[in-house]
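Before any comments, here is the structure.
Numbering (the numbering used here), first residue to last: 195 to 393.
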């Protein structure tokens with residue numbers, strides 16, 4: 195579901211209020227021996243993660259909107275890939291031409307649509323392992339090989355798609371949307387950092 199900016203802000207605000215209330219409750223009860231707060235910490239961790247994912251979704255749309263009219267289409271495509279556990283990597287140009295960093299791709303030259311993106315990333319398609327290159331509202335190419343990340347993400351082990359998403363965002367101002375084939379999780383890379391979005 196695609197929310198409007200105000201809905202995202204309101205939902206994140208609600209999470210923040212709830213998290214603050216949980217923290218106040220915890221600060222007064224953690225040293226009472228008869229009260230185990232481990233479950234409360236797990237709930238708090240879940241709320242922080244949900245708030246983080248919601249805020250990431252909001253920021254992703256904000257970062258995309260000035261550069262493509264197809265932000266909602268891209269979100270829908272990522273959602274469909276996620277539901278089917280089909281991996282995907284979509285690079286959206288912003289102010290810098292990223293063509294020099296795209297290698298061995300096949301020219302597509304089609305308008306952005308979620309059906310086209312799903313077809314490209316279908317497991318049996320020979321282009322499904324590479325990245326799609328989008329400029330404004332056009333899919334320029336697919337099956338591209340990208341530079342991989344030079345830095346690690348807080349010591350986390352990440353797959354090739356995620357490293358490529360981070361890699362292109364380290365050398366350009368592009369946004370790379372990546373869908374994990376193992377977990378279905380949707381993330382985006384910007385300025386060398388990877389953020390999970392709500393799916």
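Built from N, CA and C at the ideal position, the CB exists for glycine as well.
DSSP three-state assignment for residue i, whether helix, strand or coil
i, result
"residue 388", "strand"
"residue 217", "helix"
"residue 287", "coil"
"residue 381", "strand"
"residue 195", "Any answer about residue 195 is weak, because its pLDDT of 46 lies below 50 and its placement is not dependable; what the coordinates show is given next. Note: residue 195 maps to coil in three-state DSSP."
"residue 204", "helix"
"residue 373", "strand"
"residue 240", "helix"
"residue 247", "helix"
"residue 274", "helix"
Of the listed residues the options, nearest to residue i (C-alpha basis)
i, options, result
"residue 354", "293, 364, 339, 309", "339"
"residue 302", "220, 314, 249, 291", "314"
"residue 211", "371, 358, 238, 271", "238"
"residue 341", "332, 364, 320", "364"
"residue 205", "250, 233, 232, 308", "250"
"residue 386", "368, 380, 378", "368"
"residue 288", "306, 320, 327", "327"
"residue 283", "333, 234, 213", "333"
"residue 321", "336, 375, 231", "336"
"residue 317", "278, 223, 307, 200", "278"
Cβ-based neighbour list, residue i, same chain, cut-off 7 angstroms, excluding 5 preceding and 5 following
i, result
"residue 357", "342, 343"
Residues of its chain near residue i, where Cβ-Cβ distance is below 6 angstroms and the 5 sequence neighbours each way are ignored
i, result
"residue 202", "252"
"residue 370", "285, 359, 362, 363, 383"
"residue 330", "262"
Within 9 angstroms, strictly: CB atoms of residue i and residue j
i, j, result
"residue 281", "residue 298", "no"
"residue 255", "residue 216", "no"
Proximal residues to residue i (C-beta, below 8 angstroms), its chain only, five neighbours per side dropped
i, result
"residue 379", "276, 373, 390, 393"
"residue 306", "262, 264, 267, 268, 328, 331, 332, 333"
Interface flag, residue i vs chain D, CB-CB below 9 angstroms
i, result
"residue 214", "Of the chains in the structure shown, none is chain D; there is only one protein chain."
*With a cut-off of 8 angstroms, do at least 3 Cβ pairs link the segment 243–259 to the segment 291–298?*
Between the segment 243–259 and the segment 291–298, the count of C-beta pairs closer than 8 angstroms stays below three; the two stretches do not touch.
*Do the segment 262–278 and the segment 230–249 meet, that is, are 3 or more Cβ pairs less than 8 angstroms apart?*
Taking a cut-off of 8 angstroms on C-beta distances, the segment 262–278 does not touch the segment 230–249, as fewer than three cross pairs fall below it.
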